[in-house]
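In the working numbering, the protein residues as written are 455 to 691.
Reading through the C-alpha coordinates given below for one structure.
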Amino acid sequence: MRAVNAATTALVGILVAAVLSVVDPVWPAAAIGAGALVSAGILLARPGGRKHYALAGIGYTLGLAAAIALSGWFPAEYGGSPLVSLVLFGLFGTFLVALKVAGGRVVRAVARRYGDAEYAQTVYDAVASVATLIGLAWTLLTIQEKAARYGGIGLGAVGTAALNYYGVEYAVVVWFLDSGVDVVVLLFVGFTLGLFHVLESLHTTWIATKKTASAGASKAEEAHARVAEARGEGDED
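Structure (C-alpha coordinates):
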(Lines of atoms letter the chains of each structure in order from A and count residues from 1; the text may use other names and numbers.)
(Lines give C-alpha, C1' and ligand atoms only; values in the text may rest on other atoms or scores of the structure.)
Protein backbone atom coordinates (compact mmCIF):
# COMPACT_ATOMS: atom_id res chain seq x y z
CA MET A 1 0.00 0.00 0.00
CA ARG A 2 2.80 2.44 0.82
CA ALA A 3 4.32 1.87 -2.65
CA VAL A 4 0.94 2.54 -4.28
CA ASN A 5 0.45 5.76 -2.31
CA ALA A 6 3.96 6.95 -3.16
CA ALA A 7 3.50 6.10 -6.84
CA THR A 8 0.14 7.88 -7.02
CA THR A 9 1.55 10.96 -5.36
CA ALA A 10 4.57 10.95 -7.68
CA LEU A 11 2.35 10.55 -10.74
CA VAL A 12 0.42 13.72 -9.94
CA GLY A 13 3.69 15.64 -9.67
CA ILE A 14 4.89 14.19 -12.98
CA LEU A 15 1.68 15.30 -14.70
CA VAL A 16 2.16 18.82 -13.32
CA ALA A 17 5.75 18.87 -14.59
CA ALA A 18 4.60 17.63 -18.00
CA VAL A 19 2.06 20.44 -18.35
CA LEU A 20 4.51 23.12 -17.23
CA SER A 21 7.20 21.83 -19.57
CA VAL A 22 5.04 22.91 -22.49
CA VAL A 23 4.15 26.25 -20.92
CA ASP A 24 7.82 27.18 -20.51
CA PRO A 25 9.98 24.70 -22.45
CA VAL A 26 13.32 26.44 -21.81
CA TRP A 27 13.15 26.49 -17.99
CA PRO A 28 13.27 22.85 -16.84
CA ALA A 29 13.88 23.78 -13.19
CA ALA A 30 10.44 25.41 -12.96
CA ALA A 31 8.57 22.31 -14.11
CA ILE A 32 10.70 19.90 -12.09
CA GLY A 33 10.44 22.01 -8.94
CA ALA A 34 6.70 22.62 -9.26
CA GLY A 35 5.99 18.93 -9.75
CA ALA A 36 8.02 18.07 -6.66
CA LEU A 37 6.21 20.69 -4.58
CA VAL A 38 2.83 19.30 -5.66
CA SER A 39 3.84 15.72 -4.85
CA ALA A 40 5.22 16.67 -1.44
CA GLY A 41 2.22 18.91 -0.77
CA ILE A 42 -0.25 16.10 -1.43
CA LEU A 43 1.49 13.86 1.09
CA LEU A 44 1.77 16.71 3.58
CA ALA A 45 -1.97 17.42 3.33
CA ARG A 46 -3.02 13.77 3.62
CA PRO A 47 -4.32 13.22 7.17
CA GLY A 48 -2.90 10.65 9.56
CA GLY A 49 -0.77 7.56 9.10
CA ARG A 50 2.81 6.98 8.05
CA LYS A 51 3.73 9.09 5.03
CA HIS A 52 6.56 7.81 2.84
CA TYR A 53 8.08 11.01 1.50
CA ALA A 54 11.37 9.39 0.47
CA LEU A 55 9.60 6.77 -1.64
CA ALA A 56 7.52 9.50 -3.26
CA GLY A 57 10.72 11.40 -4.07
CA ILE A 58 12.23 8.34 -5.74
CA GLY A 59 9.03 7.70 -7.66
CA TYR A 60 8.92 11.32 -8.79
CA THR A 61 12.53 11.60 -9.96
CA LEU A 62 12.74 8.23 -11.71
CA GLY A 63 9.16 8.45 -13.00
CA LEU A 64 9.77 11.89 -14.47
CA ALA A 65 13.02 10.65 -16.02
CA ALA A 66 11.14 7.76 -17.63
CA ALA A 67 8.44 10.12 -18.91
CA ILE A 68 11.06 12.43 -20.44
CA ALA A 69 12.92 9.55 -22.08
CA LEU A 70 9.95 7.57 -23.38
CA SER A 71 6.89 9.76 -23.85
CA GLY A 72 8.07 12.21 -26.51
CA TRP A 73 6.00 14.89 -24.76
CA PHE A 74 8.79 16.90 -23.17
CA PRO A 75 10.82 19.51 -25.09
CA ALA A 76 14.34 18.67 -26.24
CA GLU A 77 15.85 20.76 -23.41
CA TYR A 78 14.73 18.10 -20.93
CA GLY A 79 16.58 15.28 -22.68
CA GLY A 80 20.09 16.29 -21.60
CA SER A 81 21.13 17.41 -18.14
CA PRO A 82 17.63 17.33 -16.58
CA LEU A 83 17.14 13.70 -17.60
CA VAL A 84 20.60 12.61 -16.46
CA SER A 85 20.27 14.50 -13.17
CA LEU A 86 16.89 12.92 -12.42
CA VAL A 87 18.25 9.44 -13.11
CA LEU A 88 21.40 9.97 -11.03
CA PHE A 89 19.63 11.35 -7.98
CA GLY A 90 16.74 8.92 -8.36
CA LEU A 91 19.16 5.99 -8.24
CA PHE A 92 21.09 7.56 -5.37
CA GLY A 93 17.85 8.04 -3.44
CA THR A 94 16.94 4.42 -4.14
CA PHE A 95 20.30 3.31 -2.76
CA LEU A 96 19.79 5.33 0.44
CA VAL A 97 16.27 3.98 1.00
CA ALA A 98 17.42 0.41 0.27
CA LEU A 99 20.08 0.73 2.97
CA LYS A 100 17.46 2.09 5.36
CA VAL A 101 15.05 -0.79 4.64
CA ALA A 102 17.79 -3.41 5.06
CA GLY A 103 18.81 -1.92 8.39
CA GLY A 104 15.19 -1.78 9.49
CA ARG A 105 14.75 -5.50 8.90
CA VAL A 106 17.77 -6.26 11.06
CA VAL A 107 16.50 -3.98 13.83
CA ARG A 108 13.02 -5.52 13.72
CA ALA A 109 14.42 -9.06 13.83
CA VAL A 110 16.55 -8.27 16.88
CA ALA A 111 13.76 -6.33 18.61
CA ARG A 112 11.33 -9.23 18.24
CA ARG A 113 13.60 -11.30 20.45
CA TYR A 114 14.44 -8.69 23.07
CA GLY A 115 11.72 -6.04 23.14
CA ASP A 116 9.00 -4.08 21.37
CA ALA A 117 9.63 -4.52 17.62
CA GLU A 118 7.12 -1.87 16.54
CA TYR A 119 8.58 0.80 18.81
CA ALA A 120 12.14 -0.11 17.82
CA GLN A 121 11.20 0.18 14.16
CA THR A 122 9.66 3.60 14.75
CA VAL A 123 12.77 4.93 16.46
CA TYR A 124 14.99 3.37 13.81
CA ASP A 125 12.95 5.01 11.03
CA ALA A 126 13.55 8.41 12.60
CA VAL A 127 17.29 7.88 13.09
CA ALA A 128 17.77 6.33 9.64
CA SER A 129 15.78 9.09 7.94
CA VAL A 130 18.02 11.72 9.50
CA ALA A 131 21.08 9.69 8.47
CA THR A 132 19.95 9.44 4.84
CA LEU A 133 19.22 13.17 4.83
CA ILE A 134 22.75 13.82 6.08
CA GLY A 135 24.13 11.55 3.37
CA LEU A 136 22.22 13.41 0.67
CA ALA A 137 23.17 16.80 2.12
CA TRP A 138 26.84 15.80 2.23
CA THR A 139 26.67 14.76 -1.43
CA LEU A 140 25.05 18.05 -2.43
CA LEU A 141 27.56 20.07 -0.43
CA THR A 142 30.42 18.18 -2.09
CA ILE A 143 29.04 18.88 -5.56
CA GLN A 144 28.39 22.49 -4.65
CA GLU A 145 31.89 22.91 -3.24
CA LYS A 146 33.42 21.62 -6.48
CA ALA A 147 31.14 23.85 -8.53
CA ALA A 148 32.03 26.88 -6.42
CA ARG A 149 35.74 26.15 -6.66
CA TYR A 150 35.88 25.60 -10.41
CA GLY A 151 32.84 27.39 -11.75
CA GLY A 152 31.92 30.05 -9.22
CA ILE A 153 28.53 28.43 -8.49
CA GLY A 154 27.67 28.34 -4.80
CA LEU A 155 23.90 28.81 -4.52
CA GLY A 156 21.03 26.82 -3.06
CA ALA A 157 17.80 25.61 -4.64
CA VAL A 158 16.39 29.07 -5.41
CA GLY A 159 19.72 30.26 -6.77
CA THR A 160 20.18 27.28 -9.06
CA ALA A 161 16.61 27.67 -10.34
CA ALA A 162 17.35 31.33 -11.13
CA LEU A 163 20.58 30.42 -12.92
CA ASN A 164 18.69 27.84 -14.95
CA TYR A 165 16.10 30.47 -15.87
CA TYR A 166 18.79 32.82 -17.19
CA GLY A 167 20.51 30.03 -19.08
CA VAL A 168 23.67 29.94 -16.95
CA GLU A 169 25.40 26.57 -17.30
CA TYR A 170 28.48 24.87 -15.93
CA ALA A 171 28.96 21.59 -17.76
CA VAL A 172 31.00 18.71 -16.41
CA VAL A 173 31.94 16.07 -18.96
CA VAL A 174 30.93 12.50 -18.13
CA TRP A 175 31.69 9.39 -20.15
CA PHE A 176 28.09 8.51 -21.02
CA LEU A 177 27.03 11.99 -22.22
CA ASP A 178 29.03 13.80 -24.91
CA SER A 179 27.75 17.26 -23.98
CA GLY A 180 28.36 16.79 -20.24
CA VAL A 181 26.05 17.42 -17.28
CA ASP A 182 25.05 20.93 -16.25
CA VAL A 183 25.96 21.21 -12.56
CA VAL A 184 23.34 23.94 -12.09
CA VAL A 185 20.57 21.52 -13.07
CA LEU A 186 22.23 18.65 -11.20
CA LEU A 187 22.27 20.65 -7.97
CA PHE A 188 18.69 21.79 -8.40
CA VAL A 189 17.44 18.23 -8.88
CA GLY A 190 19.43 17.21 -5.81
CA PHE A 191 17.81 19.97 -3.75
CA THR A 192 14.43 18.83 -5.09
CA LEU A 193 15.01 15.29 -3.85
CA GLY A 194 16.29 16.79 -0.61
CA LEU A 195 12.86 18.34 -0.02
CA PHE A 196 11.33 14.87 0.24
CA HIS A 197 14.06 13.67 2.61
CA VAL A 198 13.68 16.71 4.86
CA LEU A 199 9.94 16.02 5.15
CA GLU A 200 10.64 12.31 5.73
CA SER A 201 13.03 13.14 8.57
CA LEU A 202 10.63 15.57 10.23
CA HIS A 203 7.71 13.16 9.86
CA THR A 204 9.46 10.08 11.26
CA THR A 205 11.03 12.07 14.09
CA TRP A 206 7.60 13.41 15.09
CA ILE A 207 6.12 9.89 15.06
CA ALA A 208 9.00 8.54 17.17
CA THR A 209 8.64 11.42 19.63
CA LYS A 210 4.92 10.74 20.06
CA LYS A 211 5.49 7.01 20.52
CA THR A 212 8.23 7.64 23.07
CA ALA A 213 6.01 10.01 25.03
CA SER A 214 3.13 7.54 24.88
CA ALA A 215 5.33 4.66 26.03
CA GLY A 216 6.65 6.78 28.90
CA ALA A 217 3.15 7.73 29.98
CA SER A 218 2.02 4.09 29.88
CA LYS A 219 4.92 2.97 32.04
CA ALA A 220 4.22 5.77 34.51
CA GLU A 221 0.58 4.70 34.75
CA GLU A 222 1.59 1.07 35.29
CA ALA A 223 4.03 2.07 38.02
CA HIS A 224 1.37 4.23 39.69
CA ALA A 225 -1.11 1.35 39.54
CA ARG A 226 1.40 -1.05 41.12
CA VAL A 227 2.12 1.43 43.92
CA ALA A 228 -1.60 1.93 44.55
CA GLU A 229 -2.15 -1.83 44.58
CA ALA A 230 0.71 -2.34 47.02
CA ARG A 231 -0.70 0.35 49.32
CA GLY A 232 -4.13 -1.28 49.17
CA GLU A 233 -2.70 -4.64 50.18
CA GLY A 234 -0.82 -2.96 53.04
CA ASP A 235 -3.99 -1.32 54.35
CA GLU A 236 -5.81 -4.68 54.33
CA ASP A 237 -3.05 -6.24 56.43
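No residue lacks a Cβ here, since even glycine has one placed at the ideal position from N, Cα and C.
Remember, it's a predicted structure, so these values are computed and weren't measured experimentally.
Item to check | Sufficient close CB pairs (3 or more, under 8 Å) joining the region 500-514 to the region 542-561 | outcome: yes
Checklist entry - Does DSSP classify residue 478 as helix, strand or coil? => result By 1-based counting over the sequence shown, the position of residue 478 is 24. The answer is coil: DSSP assigns residue 478 none of H, G, I, E or B.
Checklist entry - Which same chain residues, not among the five before or five after residue 493, have their C-beta less than 7 Å away from its C-beta? => result The count along the sequence shown starts at 1 and reaches residue 493 at position 39. Closer than 7 Å at the Cβ level, and outside the excluded window around residue 493, lie 463, 464, 466, 467, 510, 514.
Item to check | Candidates 582, 550, 643, of which the one nearest residue 656 by Cα | outcome: Working through the sequence shown from its first residue, we reach residue 656 at position 202. Closest by alpha carbon: 582.
Item to check | Member of 540, 524, 527 whose CA lies at the smallest distance from the CA of residue 483 | outcome: Counting from one through the sequence shown, the residue named residue 483 turns up at place 29. Here the closest residue by C-alpha is 540.
Next on the checklist: What does the alpha-carbon distance come out to for the pair residue 490 and residue 647?
Outcome noted: Numbered from its first residue, the sequence shown carries residue 490 at position 36. Numbered from its first residue, the sequence shown carries residue 647 at position 193. Between residue 490 and residue 647, the C-alpha separation is close to 8 Å.
Next on the checklist: Within the continuous alpha helix (DSSP H) that includes residue 500, where are the two ends?
Outcome noted: Taking the sequence shown and counting its residues from 1, the one referred to as residue 500 is at position 46. Taken as a continuous stretch (DSSP letters only), residue 500 belongs to no alpha helix (DSSP H), as it is neither H nor E.
Next on the checklist: So for residue 579, helix, strand or coil by DSSP?
Outcome noted: Walking along the sequence shown from the start, residue 579 turns up at place 125. Of the three classes helix, strand and coil, the one that applies to residue 579 here is helix, per DSSP.
Checklist entry - What residue from 478, 567, 666, 642 has the CA that sits closest to residue 487's CA? => result To locate residue 487, count along the sequence shown from 1; it is residue 33. Checking every option, the nearest Cα to that of residue 487 belongs to 642.
Next on the checklist: Within 8 Å, do at least three Cβ pairs link the region 524-533 to the region 554-565?
Outcome noted: As far as the Cβ criterion goes, the region 554-565 does not touch the region 524-533, which means the pair count is below three.
Item to check | Range covered by the alpha helix (DSSP H) that runs through residue 507 | outcome: Along the sequence shown, one-based indexing puts residue 507 at 53. That run of the alpha helix (DSSP H) goes 507-524.
Checklist entry - Between the C-alpha atoms of residue 549 and residue 563, what's the straight-line distance to the nearest angstrom? => result Here residue 549 corresponds to residue number 95 of the sequence shown, with the count starting at 1. Here residue 563 corresponds to residue number 109 of the sequence shown, with the count starting at 1. One C-alpha to the other measures close to 22 Å.
Checklist entry - With C-beta atoms as the reference, is residue 485 less than 7 Å away from residue 471? => result Within the sequence shown, residue 485 is the residue found at index 31, counting from 1. Within the sequence shown, residue 471 is the residue found at index 17, counting from 1. Cβ distance < 7 Å, so residue 485 and residue 471 count as in contact.
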